[in-house]
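Position one of the sequence shown corresponds to residue 1 (my numbering), numbered consecutively onward.
Below is one structure; the comments refer to it alone.
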Amino acid sequence: MATKTTDRVRAPQPEMLGRKDHTHGNWTVGDSPATRGVPHTDLHNRKMVAPHGADELDRAIRGHEMMHAKVSPTPGEMMSWIARENATQGSLVAVEEARVNSLCTQVGIPVDKYLADGSEKSAGKKLAESGDLANLVHGAVACAGTIGGKEFIKGVKSVDKGLAKVLTNIQKHVMANLGRVGRSVLAETSEDGRPGGFQHVERIAEWVDQLIDDMEEDKRKREEEDKRKSDDSSRDSGDEKESDDKGDDSGDKDGDDESKPRSKPRSEEKREPLDPTKKRPKASPTAIPKWGTLRIKKLPMPDSTKGNLGRKRVASDTGKNPRRMHRYLTDRKVFDRTSRGMGGVVIIDASGSMSFDH
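So this is what it looks like as structure tokens:
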């Protein structure tokens, strides 16, 4: 007998998640459209709003919100991190979104393939047109590791290719730094005074703030330089006009000068912005230090050849001519045998342990 299949409502179940830093309790779960900004998770009041559909986008959003419920700090804890003043609130929120995306990918939630609502490209274009570098960087970092992050970069690229390249590098650096942290360490929650995985969010957010400051400083310098060159160009054009009014008797010489193509003013040339990602994220002075990754690798060693160091006689308990009778009452090795020296052992410590900065 054939049965009719119907789509079931797939609501998230945050009650199934366990956290050692919070008490368990019932959650209020609501449905929502798959639109950026509408799904959210309130850890303090145990409320979650996420789409209940069956398509891949709805599943990715539910997984993203469930990961927030599993690892993200509560609003009160977030305010304590902001009060430390090591990083701004915007950078902390953006990098926390990137951490959640990284953890989702590591546990098999395909946010890198489906997490996008179609508004990322237009949002990137509008922010690039407005020139708001802080929101541009925060937006790029927040959607790093998702398909929406690529669409965001496409929107920026339609306005400024150089800036899009810089934002792409920032996304890669943020995800690479999160990926270097072990999954269990990155997902740790605050407990017994330990900062947990959010300390890495603060460290990277501090680096993001430095990038924004460098980009804004570079933008200010470029604008001042362009203004100065524009003023110089206007002054030069005024001088040329005066010389044309005075020197009509120059004849063919002026005609030759007018026939030459004039170069384009440097102020109108398109220049790529400075890429600040060459500065690697530094460890926060308040972060818990940890050992570097131990790498064990066998280096290529030369083949040892027997008999390179000459022959020598050693005591033996077998032989023909007893030459060491004084050893008869000890180890009974009264005979001699000939052996060839194998050389010593040279140990070279190249681990670099003395170059640790923390």
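Cβ atoms here follow ideal geometry from the backbone N, Cα and C, with glycine treated the same way.
Is it the case that the segment 154-164 contacts the segment 127-134, given that we only count it when at least three CB pairs across the two stretches are under 8 angstroms? Touching, yes, given that three or more Cβ pairs across the two stretches are closer than 8 angstroms.
Using beta-carbon positions only, say whether Gly197 and Ala187 come within less than 8 angstroms of one another. Sequence index remark: in the sequence shown, residue 197 carries index 197 (1-based). Sequence index remark: in the sequence shown, residue 187 carries index 187 (1-based). For Gly197 and Ala187, yes; Cβs fall inside 8 angstroms.
Taking the alpha helix (DSSP H) that Met67 belongs to, which residues open and close that run? Stepping through the sequence shown from its first residue, residue 67 is reached at position 67. Met67 -> alpha helix (DSSP H) spans Glu56 to Val71.
Coarse secondary structure for Lys253, derived from DSSP in three states: On the sequence shown, residue 253 is found 253 positions in, with the first residue counted as 1. Low per-residue confidence applies at Lys253: pLDDT is 48, beneath 50, and the placement is therefore not dependable enough to give any value.
8 angstroms Cβ shell around Lys260 - same chain, five flanking residues per side excluded: Within the sequence shown, numbered from 1, the residue matching residue 260 stands at position 260. Since pLDDT at Lys260 reaches only 47, below the 50 mark, its modelled position is unreliable, and the value read off the structure follows with that caveat. Hits under 8 angstroms: none found.
Coarse secondary structure for Asp317, derived from DSSP in three states: The residue you call residue 317 lines up with position 317 of the sequence shown. In the displayed model, Asp317 falls within coil according to three-state DSSP, outside both helix and strand.
What residue range is occupied by the uninterrupted alpha helix (DSSP H) comprising Gly179? Position 179 of the sequence shown, counted from the first residue, corresponds to residue 179. Per DSSP, Gly179 belongs to the alpha helix (DSSP H) from Lys161 to Gly179.
Within 10 angstroms of its Cβ, does Asp31 collect 16 or more other Cβ (buried), or is it exposed? What you label residue 31 is simply residue 31 of the sequence shown in a count that begins at 1. Its Cβ having fewer than 16 others within 10 Å, Asp31 is exposed.
Does the beta-carbon distance from Gln171 to Val208 come in below 8 angstroms? For the purposes of this step, residue 171 is taken as residue 171 along the sequence shown, with counting starting at 1. For the purposes of this step, residue 208 is taken as residue 208 along the sequence shown, with counting starting at 1. Not a contact, by the Cβ cut-off of 8 angstroms.
Using 10 angstroms around the beta-carbon of Leu92, count the other beta-carbons present and answer buried if the total reaches 16, otherwise exposed. Position 92 of the sequence shown holds residue 92. Leu92 comes out buried.
Status (buried if at least 16 other CB within 10 Å, exposed otherwise) for Lys121: Position 121 of the sequence shown holds residue 121. By the 10 Å Cβ count, Lys121 comes out buried.
Assigned secondary structure, Gly145 (DSSP; H/G/I helix, E/B strand, else coil): Within the sequence shown, the letter at position 145 stands for residue 145. DSSP places Gly145 outside both helix and strand once states are collapsed to three, so it counts as coil.
Spatial distance of Gln199 from Glu225 (CA atoms): What you label residue 199 is simply residue 199 of the sequence shown in a count that begins at 1. What you label residue 225 is simply residue 225 of the sequence shown in a count that begins at 1. Roughly 39 angstroms between the two C-alpha positions.
Using 8 angstroms as the Cβ pair cut-off and three pairs as the minimum, do the segment 51-66 and the segment 96-116 touch? Taking a contact to require three or more Cβ pairs closer than 8 angstroms, the segment 51-66 and the segment 96-116 qualify as touching.
Residue from Pro39, Met325, Lys221 and Gly63 with nearest C-alpha to Met16: Position 16 of the sequence shown, counting from 1, holds the residue named residue 16. The residue with the shortest Cα to Cα distance from Met16 is Gly63.
Quick check: what's the CA-CA separation for Arg228 versus Glu216? The count along the sequence shown starts at 1 and reaches residue 228 at position 228. The count along the sequence shown starts at 1 and reaches residue 216 at position 216. So the alpha carbons of these two residues sit roughly 18 angstroms apart.
8 angstroms contact criterion, which Ser72 and Val100 should meet: CB distance rounded: In the sequence shown, counting from the first residue as 1, residue 72 sits at position 72. In the sequence shown, counting from the first residue as 1, residue 100 sits at position 100. For Ser72 against Val100, the beta-carbon gap comes to about 7 angstroms, under 8 angstroms, which counts as contact.
By the three-class DSSP mapping on this structure, what secondary structure does Ser263 have? In the sequence shown, the residue the question calls residue 263 occupies position 263. Any reading at Ser263 needs caution, since the residue's pLDDT is 47, under 50, leaving its predicted position unreliable; the model's value is listed next. Of the three classes helix, strand and coil, the one that applies to Ser263 here is coil, per DSSP.
Counting only the same chain and skipping the five closest in sequence on each side, list residues whose C-beta sits under 7 angstroms from that of Val314. Here the question's residue 314 lines up with position 314 in the sequence shown. Answer for Val314: Arg337 and Ser339, listed in chain order.
Given this structure, state the Cα-to-Cα distance separating Glu77 from Arg222, to the nearest angstrom. Working through the sequence shown from its first residue, we reach residue 77 at position 77. Working through the sequence shown from its first residue, we reach residue 222 at position 222. Their Cα atoms are separated by approximately 40 angstroms.
Starting from Ser190, trace the alpha helix (DSSP H) in both directions and tell me its first and last residue. Within the sequence shown, the letter at position 190 stands for residue 190. Where Ser190 is concerned, there is no enclosing alpha helix (DSSP H), given that its DSSP letter is neither H nor E.
I think His44 touches Thr23, with their Cβ atoms under 8 angstroms apart; what is that distance to the nearest whole Å? If you number the sequence shown from 1, residue 44 lands on position 44. If you number the sequence shown from 1, residue 23 lands on position 23. Wrong, their Cβ atoms sit about 12 angstroms apart, outside the cutoff.
CB His138 to CB Ala176, shorter than 8 angstroms? Against the sequence shown, residue 138 aligns to sequence position 138. Against the sequence shown, residue 176 aligns to sequence position 176. The answer is no: Cβ separation not under 8 angstroms.
Just tell me which of Thr88, Gly90, Leu136 and Gly148 has its CA closest to the CA of Pro110. Looking up residue 110 in the sequence shown gives position 110. Of Thr88, Gly90, Leu136 and Gly148, the residue nearest in Cα terms is Gly148.
Given Cys143, which residues of its chain have a CB within under 7 angstroms of its CB, disregarding the five upstream and five downstream residues? Your numbering for residue 143 matches position 143 in the sequence shown. Cβ neighbours of Cys143 beyond the five flanking positions: Glu120, Gly149 and Phe152.
Out of Asp132, Arg203, His40 and Ala164, state which residue places its alpha-carbon closest to the alpha-carbon of Arg220. The residue you call residue 220 lines up with position 220 of the sequence shown. Residue Asp132 is the option with its Cα nearest to Arg220.
DSSP three-state label for Gly93, please. By 1-based counting over the sequence shown, the position of residue 93 is 93. For the record, residue 93 in the displayed sequence is Val; it is not Gly. Of the three classes helix, strand and coil, the one that applies to Val93 here is helix, per DSSP.
Suppose you measure from the CA of Ala98 to the CA of Asp231; what does that come to, to the nearest Å? Taking the sequence shown and counting its residues from 1, the one referred to as residue 98 is at position 98. Taking the sequence shown and counting its residues from 1, the one referred to as residue 231 is at position 231. So the alpha carbons of these two residues sit roughly 44 angstroms apart.
Gly155 in three-state terms, based on DSSP: If you number the sequence shown from 1, residue 155 lands on position 155. In the structure shown, Gly155 sits in a helix (DSSP, three-state: H, G or I).
Supposed contact pair Gly90 and Ala360 - C-beta distance, whole angstroms, cut 8 angstroms: Residue 360 falls outside the range modelled here, since the chain spans only 1 to 358, and no answer is possible.
Asp349 (DSSP reduced to helix, strand or coil): Residue numbering aside, residue 349 sits at position 349 when the sequence shown is read from its first letter. Reduced to three states, the DSSP call for Asp349 is coil.
Can you tell me whether Leu136 is buried or exposed, with buried defined as 16 or more other CB within 10 angstroms of its CB? Position 136 of the sequence shown holds residue 136. Buried.
Thinking C-alpha only, which one of Ala69, Thr35 and Ala34 is nearest Gly18? Translated into the one-based positions of the sequence shown, residue 18 becomes position 18. Minimum Cα distance to Gly18 is reached at Ala69.
Taking all protein chains shown into account, do 16 or more other C-beta atoms lie within 10 angstroms of the C-beta of Gly182, making it buried, or fewer, making it exposed? Along the sequence shown, one-based indexing puts residue 182 at 182. It is exposed - the Cβ of Gly182 has fewer than 16 other Cβ atoms within 10 Å.
Per-residue DSSP class, three states only, for Asp336: Translated into the one-based positions of the sequence shown, residue 336 becomes position 336. Reduced to three states, the DSSP call for Asp336 is strand.
Nearest-angstrom Cα separation, counted from Thr293 out to Val166: The sequence position of residue 166 within the sequence shown is 166, counting from 1. The sequence position of residue 293 within the sequence shown is 293, counting from 1. One C-alpha to the other measures close to 29 angstroms.
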